[in-house]
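Those letters in the sequence shown? Residues 243 to 627, per my numbering, in order.
Note that the Cβ used here is the ideal one computed from N, Cα and C, for glycine as well.
Since the structure comes first, as structure tokens, the remarks are kept for the end.
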Amino acid sequence: YRRCRETVGDLDILVTASEPETAMARFAAYDEVKDVAAQGTTRATVILRSGLQVDLRVVEEACFGAALQYFTGSKAHNIEIRRLAQARRLKLNEYGIFKGEKRIGGATEEEVYRAVGLPWIPPELRENRGEIEAARAGKLPKLVERSDLKGDLHAHTKATDGHNSLKEMAEAARARGLEYLAITEHSRRLTVAHGLDVKRLRQQMNEIDKLNEKLDGITLLKGIEVDILEDGALDLPDDVLSELDLVVGAVHSKFNLARARQTERILRAMDHPHFTILAHPTGRLLDTREPYDVDMLKVIRKARQRGCFLELNAHPERLDLLDVYCQMAKEEGVWVAISTDAHSTQDLDNLIYGVGQARRGWLTRDDVLNTRPLKMLKPLLQRKI
């Protein structure tokens, strides 16, 4: 959970307590507990009604940081940290860091990392994918934070398959501290979502213009989530696409195309002069649908060549861009847009999950498109760099 993995097997909760047995009893009595699998003086295991296993551990304050570091993982990261400790003739485990039999640290994670000659490493980076080397060299990135985001570039309303009006979405975005919200309804091809044809899209564009005149503290951007057809063409004519603030292209069909065809399909779409952002780039749905087979390096390099961007879809069932592709985009100099794909006002809260995924991908504020204020964003969307 602290590492912002897309899924978790169970939850470990660490606490310090002056009365451990009282803490255990209160934990086991939680309303959502279906079964108490084990209960001792410093550890209890319960199964929630949802089926999730949760372990509670009471630890001493003197070793809380060591336990937190240990149970956060990852296993591969912890193995390397222990190896560094051994090289210094220290012993590291969940009870602290020891020199001989004497505990010399472990109250905080900072103490643990300092003992092995490293600065504190953010949990999202702890995958043994270069973070230890970066820490040693003083090159850990300052990861993007939720407070860095100025807007959301992918949202729907009840004009298609959303649940709220334009005004409700705008007010909800403003209440969450956002400066802008892009309205990107589905296009006509996606009939199951009541996608917009040209006439209905232009009607919505007029509604957005009128609403923007009345709104304070938030600006709605005119966009579309246009279907990328099997041949790579876009689902709406060029003249209407040219009138929008941004065009978000998405694959919603033919997920099983061969790798070469799927890749070429997306590359051709990105060649369109009005294409702005590639939505949910691999099409995966966690535990439901595997990513389609596509050469992401080619897609990322096409984005760099064309001056367009990749979405990191923050919906908990998507979290697409994958973390490894976020890191690849960063290395190739391609900016990522963290967007919710919101279909309701509540969905706007999902930005935090996108930020977690972005942090796993080593992204900083500068790597994320929608950390820019509106004045800086608009020319970027029109490729006037």
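Asked	Found
Assumed close pair A304, G338 - CB separation to whole angstroms, cut-off 8 Å	7 Å
Helix, strand or coil at E293 [DSSP, three-state]	Note on residue identity: the sequence assigns Gly, not Glu, to residue 293. Coil at G293, not helix or strand.
Nonlocal neighbours in the same chain, by C-beta distance under 7 Å from R281, ignoring five residues either side	Per the sequence shown, the amino acid found at residue 281 is Gln instead of Arg. Cβ within range, chain order: M266 and A270.
Delimiting residues of the beta strand (DSSP E) encompassing V490	L488 to A492
Residue from P533, A600, L310 and Y272 whose Cα sits closest to the Cα of T258	L310
Nonlocal neighbours in the same chain, by C-beta distance under 7 Å from G404, ignoring five residues either side	H398, H585 and S586
Boundaries of the beta strand (DSSP E) in which K496 is found, first to last residue	That residue, K496, is in no beta strand (DSSP E); it is neither H nor E in DSSP.
Reduced DSSP category for D254 - H, G, I as helix; E, B as strand; rest coil	strand
Whether G491 touches I470 by CB criterion (8 Å)	yes
I466 and L432 closer than 8 Å at C-beta	no
Bridge-paired residues (DSSP) for Y422	G393 and T461
Classification of I648 by the beta-carbon crowding that lies within 10 angstroms, buried from 16 upward	The question about residue 648 has no answer here: the residues shown for the chain are numbered 243 through 627.
Given K400 as reference, the closest of A435, R501, I594 and K276 once Cα atoms are compared	A435
Cβ-heavy atom distance, L462 to the ligand FAD, below 7 Å	In the structure shown, the ligand FAD is absent, as is every other ligand, since no ligand is present at all.
Beta-carbon contacts of E351 that lie in its chain and below 7 Å, excluding the five residues immediately before and after	G307, L310, Q311 and W362
Exposure label - D473; buried when at least 16 CB within 10 Å	exposed
E553 versus M538 - alpha carbon distance	13 Å
Backbone secondary structure at D608 - three-state DSSP	helix
Residue environment, M512, which counts as buried when at least 16 other CB atoms sit within 10 Å	buried
For G338: DSSP bridge partner residues	N335
Rounded separation between V354 and G347 - CA only	7 Å
Length of the line joining the Cα atoms of I519 and R560	16 Å
E316 versus N370: straight-line alpha-carbon distance, rounded	A small fix is needed here, since residue 316 is Ser in this sequence, not Glu. Cα to Cα, S316 sits roughly 8 Å from N370.
Spatial neighbours of V296 in its chain, beta-carbon cut-off 7 Å, leaving aside the 5 residues before and after	D252, L253, I255, V288 and L290
Boundaries of the alpha helix (DSSP H) in which Q281 is found, first to last residue	Note, Q281: premise wrong, no alpha helix (DSSP H); beta strand (DSSP E) at V275 to Q281.
Three-state class that DSSP yields for K626 in the structure shown	Summary for K626: the model assigns pLDDT 46, below 50, so the residue's position carries little reliability, and this model does not support an answer.
Runs of alpha helix (DSSP H) wholly within the region 517-562 (minimum 4 residues, chain order)	538-548
Residues that DSSP places opposite R285 in a beta bridge	R299
Touching by the beta-carbon criterion (3+ pairs, under 8 Å), the region 379-391 and the region 598-607	yes
Spatial distance of T505 from E336 (CA atoms)	46 Å
A521 versus Q445 - alpha carbon distance	24 Å
Terminal residues of the alpha helix (DSSP H) in which I321 lies	K317 to A329
Cβ-Cβ separation, A424 to D487 (assumed contact under 8 Å), whole Å	7 Å
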